[in-house]
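These notes are about the structure you will find just below.
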Amino acid sequence: MKPLPEITVHPKRPLLDDRPLDKRIGLIILATDHTSEPDFRRMVASDRIGVYVARIPYANPTTPENLRKMQPALTAGAALILPGEKLDAICYSCTSASVVIGDAEIEAAIQSAKSGIPVVTPPMAGVRGLNAFGVRRISILTPYTVETSRPMATYFAARGFEIASFTCLGFEDDREMARIPPAALVDLTRQVTHPQADALFVSCTALRGALAVTGMEKAIGRPVVTSNQASAWNCLRLCGDDTAHPEFGRLMTLPLPRD
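Per the numbering used here, the very first residue in the sequence shown carries number 99; after that it's consecutive.
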């Protein structure tokens, strides 16, 4: 073997950019989640916006009790996303747990690790999305059981929405929820949207609703807001990205309304 060359240190280091990417979104997801990462990569990540993910412990079945158990892990999960560096927004990607734990409690837990960072939850983003359309009478579709769906109905009713119909599919395992084909969601939309509903909210970050939303809107002729679509939209707008993406539904063409 030939002798190795001497390794030298270059006398001048390159000037550094402030950040590798202009904007940074933190994403906290369940250990069992199959869908949030691909959806955020598809809808949010770009040459300008980075998505940085932490997974936290979660065990099925999807019951209010099990969902609530994630709350203590939120602070540690947030702390693992680019420690010591500022994010532009951070999303906790679980709709049902956000409803059970509460938006304010989630915000407090995340901000104890990432002080002052805007926090997004899927139901919060869903409400903002429905408000962007100016609708008040909605139908809701979830993949959950009745027990897990009930807090969702209370959440939206408490925020001024009239629930014309609420349909759940009875699933207990979020990994099975992720296996529901997007085409099946389009078919379900036709069956579960009340004739007098102004829009449909499709809950659950496990569902591949973002891939089906344009088909769902075409099927019912009304706006459809889904968990991951709304969260992605909310995060993009917080990053100052107002680009329209109609391929992910009408919501992705609208500005973020003021709360």
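All C-beta atoms, glycine included, are put in the ideal place defined by N, C-alpha and C.
A quick note: this is a predicted structure, and the numbers were derived from the prediction, not measured.
Asked                                                                                                                                            : Found
Count the other CB atoms within 10 Å of the CB of S329; is the residue buried (16 or more) or exposed (fewer)?                                   : buried
By Cβ distance below 7 Å, which residues in the same chain neighbour T246 in space, the five residues on each side in sequence not counted?      : T160, T161, P162, S194
Compare the Cα-Cα distances from L125 to each of P155, A176, D145 and report the closest residue.                                                : A176
Which value, in whole angstroms, describes the spacing of the CA atoms of A174 and A129?                                                         : 14 Å
Ignoring anything shorter than 4 residues, give me the alpha helix (DSSP H) runs that lie fully in the region 218-249, in order along the chain. : 220-231
Between P112, T351, L334, which lies nearest to V149 when the distance is taken from Cα to Cα?                                                   : L334
Measuring straight from C-alpha to C-alpha, what distance separates D296 and I261?                                                               : 10 Å
Please return the same chain residues whose Cβ sits closer than 7 Å to the Cβ of R348, not counting the five positions on each side in sequence. : E315, P321
For T324, list the residues DSSP reports as bridge partners.                                                                                     : V300
Quick check on DSSP: helix, strand or coil for T265?                                                                                             : strand
Which two residues bound the contiguous beta strand (DSSP E) that contains K121?                                                                 : 121-128
With DSSP as the reference, label A187 as helix, strand or coil.                                                                                 : strand
What would DSSP say about E270, mapped onto helix, strand or coil?                                                                               : coil
Using 8 Å for Cβ pairs, my map puts S237 next to T291. What's the rounded Cβ distance?                                                           : 5 Å
If L180 and R122 are in contact, beta carbons under 8 Å, what's the gap, nearest whole angstrom?                                                 : 7 Å
Is it a yes or a no for the region 298-312 touching the region 205-216, going by three-plus beta-carbon pairs under 8 Å?                         : no
Any beta carbon from chain B within less than 9 Å of M141's own beta carbon?                                                                     : Looking at the structure shown, chain B is missing, and only one protein chain is on hand.
So, are the CB atoms of C45 and V244 less than 9 Å apart?                                                                                        : This structure leaves residue 45 out entirely; the chain is present only between 99 and 357.
Grouping DSSP H, G and I as helix and E and B as strand, with all else coil, what is R153?                                                       : strand
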